[in-house]
Amino acid sequence: MPELPEVETVVRSISTLLINSKIESAWTSGLPLHMQKVVDADALNSRVVGASVKQVRRRGKYILLDLVRGKTFSVVLIHLGMSGKLMLSRSSEARLPHTHVVLGLKGDCELRFVDPRRFGQFKVAASQAELKEIADMGPEPLDDLSLETFALSLSKSKAPIKAFLLDQRRIAGLGNIYVSEALFEARVHPSKPALKVKRQAPALLESVKLVLRKGIENRGTTLRDYVDGKGVAGNNKHALRVYGREGESCTRCESTIRRSVDAGRSTFYCPVCQKRL
DNA sequence: AAAACACCCTGCCTGC
DNA sequence: TGCAGGCAGGGTGTTT
Numbered sequence: 292m293p294e295l296p297e298v299e300t301v302v303r304s305i306s307t308l309l310i311n312s313k314i315e316s317a318w319t320s321g322l323p324l325h326m327q328k329v330v331d332a333d334a335l336n337s338r339v340v341g342a343s344v345k346q347v348r349r350r351g352k353y354i355l356l357d358l359v360r361g362k363t364f365s366v367v368l369i370h371l372g373m374s375g376k377l378m379l380s381r382s383s384e385a386r387l388p389h390t391h392v393v394l395g396l397k398g399d400c401e402l403r404f405v406d407p408r409r410f411g412q413f414k415v416a417a418s419q420a421e422l423k424e425i426a427d428m429g430p431e432p433l434d435d436l437s438l439e440t441f442a443l444s445l446s447k448s449k450a451p452i453k454a455f456l457l458d459q460r461r462i463a464g465l466g467n468i469y470v471s472e473a474l475f476e477a478r479v480h481p482s483k484p485a486l487k488v489k490r491q492a493p494a495l496l497e498s499v500k501l502v503l504r505k506g507i508e509n510r511g512t513t514l515r516d517y518v519d520g521k522g523v524a525g526n527n528k529h530a531l532r533v534y535g536r537e538g539e540s541c542t543r544c545e546s547t548i549r550r551s552v553d554a555g556r557s558t559f560y561c562p563v564c565q566k567r568l
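With the numbering used here applied, the first sequence covers 292 to 568.
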């Protein structure tokens with residue numbers, strides 16, 4: 292569900308309250324999350340309870356909490372999967388169904404991880420170096436991705452440009468929505484091989500940054516149930532020009548927006564604006 | 001090596 | 001109205 296702009300919005304919405312606050316208790320549902328792994332209750336007790344939050348960060352679509360307890364440093368890795376939510380709530384508020392982790396903070400406040408489909412992840416580690424999930428992740432498009440790096444990476448892949456952009460090892464943080472939007476902005480056909488995107492590489496990189504920045508500015512895209520850490524929905528749905536608009540007319544040329552399915556995922560594009568060659 | 005596919009799980013929507 | 005089937009914004013592991 293959440294892609295880079297949604298995860299960034301969640302991070303921003305919870306970081307002010309979380310930073311420098313102490314975690315006083317921890318609870319887990321015990322149900323398996325991503326890849327049948329349960330949240331490690333021992334690690335929660337030995338590393339998280341009693342620790343203070345030093346920083347709240349994002350890497351790709353992952354949320355990272357840097358913790359310190361005495362001289363012990365830890366990192367909590369959270370992925371929202373398709374249906375995950377990370378929210379600050381009053382302890383007195385009823386827990387939503389499918390709540391899987393609750394971290395109790397000072398002052399009647401809790402950080403809750405809720406995930407109906409359980410495609411998300413919640414993992415405690417001693418350091419970032421232990422986290423293989425982000426070890427070979429590609430560059431952050433809004434921070435450290437130059438045109439030179441991007442163009443070189445493109446030239447080495449025969450994959451369709453859509454698959455290329457979704458591959459977190461090549462570029463971090465993009466998902467199905469923002470890939471469709473970026474390809475439309477840059478007028479690149481989704482199935483064009485990455486290595487043939489040369490002349491359009493500068494426009495594509497700019498489009499990737501544009502749609503992500505706009506997504507963040509609008510505080511994320513809410514299609515059905517995405518909300519930030521304070522329960523607020525995003526406004527970016529109105530900014531989408533192709534995603535979810537099959538059969539509607541292109542905002543640029545008035546042709547009919549099409550949907551195609553590859554690898555089980557929908558891609559939306561304008562057949563006229565986005566030429567294969 | 002890389003692409004295609006199955007799979008994890010629940011909820012919601014559609015159509016019969 | 002009820003129920004089966006399809007579909008969903010992600011990532012991983014296996015197979016070709």
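Yeah, the Cβ is synthetic: ideal placement off N, Cα and C, and Gly gets one too. Just so it is clear, the structure is predicted and the values come from calculations on it, not from any experiment.
key: Element boundaries [beta strand (DSSP E), containing Ser551]   = Counting along the chain, the beta strand (DSSP E) containing Ser551 begins and ends at 549 to 553.
inquiry  = Comparing C-alpha positions only, which one of His529, Met326, Arg408, Arg490 sits nearest to Thr542?
reply    = Thr542 has its Cα closest to that of His529, out of His529, Met326, Arg408, Arg490.
message = So, under 8 Å CB-CB, Thr300 and Arg510 are touching, yes? Tell me the CB distance rounded to an integer number of Å.
response = Thr300 to Arg510, Cβ: 5 Å. Contact.
Straight-line Cα distance separating Arg549 from Val298 = Near 28 Å, if we compare the C-alpha coordinates of Arg549 and Val298.
Unbroken beta strand (DSSP E) run spanning Lys345, endpoints = It spans 343 to 350 - the beta strand (DSSP E) in which Lys345 sits, taken as one unbroken run.
query = Using the C-alpha atoms, what's the distance from Ser448 back to Leu438?
reply = Going from the Cα of Leu438 to the Cα of Ser448 covers about 16 Å.
request  = Report the residue from Leu433, Glu424, Leu474 whose alpha carbon sits nearest the alpha carbon of Leu295.
outcome  = Residue Leu433 holds the alpha-carbon nearest to the alpha-carbon of Leu295 among Leu433, Glu424, Leu474.
task = Could you round the C-beta distance between Pro430 and Pro484 to whole angstroms and report it? I think they count as a contact, below 8 Å.
result = The pair is not a contact, with the Cβ atoms about 21 Å apart (cut-off 8 Å).
ask   = What did DSSP end up calling Pro451 once you bin it into helix, strand or coil?
value = Three-state result, Pro451: strand.
key: First and last residue of the uninterrupted beta strand (DSSP E) at Ile369   = Per DSSP, Ile369 belongs to the beta strand (DSSP E) from 363 to 370.
ask   = With a CB to CB cut of under 6 Å and the five nearest residues on each side skipped, what residues in its chain are close to Pro407?
value = Excluding residues within five positions, the ones whose Cβ falls inside 6 Å are Ser374, His389.
message = I'd like to know whether the C-beta atoms of Ser471 and Tyr517 end up nearer to each other than 7 Å.
response = Going by C-beta atoms, Ser471 is not nearer than 7 Å to Tyr517.
inquiry  = So, with DSSP's three-state summary, where would you put Ala426?
reply    = When DSSP states are grouped into helix, strand and coil, Ala426 belongs to the helix group.
key: Backbone CA spacing between Gly506 and Ile314 [nearest angstrom]   = Taking the Cα positions, Gly506 is about 31 Å away from Ile314.
key: Cutoff 7 Å; reference Ser446; Cβ partners in own chain excluding five residues on either side   = Contacts found: Leu486.
query = Apart from the five residues on each side of it in sequence, which residues of its chain come closer than 7 Å, Cβ to Cβ, to Pro493?
reply = Its chain contains Leu438 as the residues whose beta carbon lies nearer than 7 Å to that of Pro493, once the 5 sequence neighbours on both sides are disregarded; these appear in chain order.
key: Three-state secondary structure assigned by DSSP to Met378   = In the structure shown, the three-state DSSP call for Met378 is strand.
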